[in-house]
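Right, one structure below, let's go through it.
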Amino acid sequence: MTQCCYAASVPVFLHYLGQMRGILGKGDLMARIGDAFPAGQQFATAISFTLRTTYPMAGRDVPDLHGPIDATGLLARISAAEAALRALSEQDFAGAEVRVIRHQAGQAMLEQSGADFLYLFGLPNFFFHLTMGYAALRAAGAAIGKADFDGFHAYPAVFR
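For the sequence shown, our numbering begins at 192 and goes up steadily by one.
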């Protein structure tokens, strides 16, 4: 299971941080859906979730990421998060699935096993904020598509 917790987090986060890097310059980071946070804040929160998820599972303190929420600042956060993720090894996740993670979700104080924390909290929250940022840019007219989001799909330019 150690391998699963590592494989389901670090490489996944690294892949999608790379995709986010490509999306940042393609739209207005102040775009928002309804009264949700603007795209830039959504991306900043997603970036934070990569470390907020992996570091407790590895039994380490979560590194702080700071800086402006503009394209330059977010790119710097992505680089810092990538470096921090690459500093983790599969061995750091020994026992992660059963490690008790105590954390805050909004105003709720939670206690979860590492497996529940990863699969029911960390990954869903990362993808929620990444998707909200993507959707805000897309709704504001950014020329981005599914391939920009996941890096796997390919469609003709006129496909919508």
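Don't be surprised by glycine CBs; every beta carbon is placed ideally from N, CA and C.
- DSSP places Ala-237 within a helical segment (H, G or I) once states are collapsed to three.
- Minimum Cα-Cα distance from Asp-339 among the listed residues Gly-218, Arg-223, Ser-200 corresponds to Gly-218.
- The alpha carbon of Ala-275 has as its nearest neighbour, out of Ile-260, Arg-290, Ile-238, Gln-295, the alpha carbon of Ile-238.
- Following the DSSP letters along the chain, one finds Ser-270 inside the alpha helix (DSSP H) bounded by residues 262-277.
- Scanning Leu-311, Phe-343, Gln-210 for the CA closest to the CA of Leu-321 turns up Gln-210.
- Taking the C-beta atoms as reference points, Leu-309 is found nearer than 8 Å to Cys-196.
- For Ile-292, there is no enclosing alpha helix (DSSP H); the residue is part of the beta strand (DSSP E) that begins and ends at 291-296.
- About 15 Å separates the beta carbons of Thr-245 and Ser-304, which is beyond the 8 Å limit, so they are not a contact pair.
- Cβ-Cβ distances below 6 Å link Leu-220 to Ala-230, Gly-231 in the same chain, with the five nearest sequence neighbours on each side left out; the list follows chain order.
- Under the three-state reduction of DSSP output, Ala-327 falls in the helix class.
- According to the DSSP assignment, Ala-299 belongs to the beta strand (DSSP E) that extends over 299-304.
- In the three-state DSSP reduction, Phe-343 falls in the coil class, being neither helix nor strand.
- Rounded to whole angstroms, the gap between the alpha carbons of Ala-326 and Phe-284 is 33 Å.
- Each of Met-300, Arg-243, Ile-269 was checked against the Cα of Pro-259, and the nearest Cα belongs to Ile-269.
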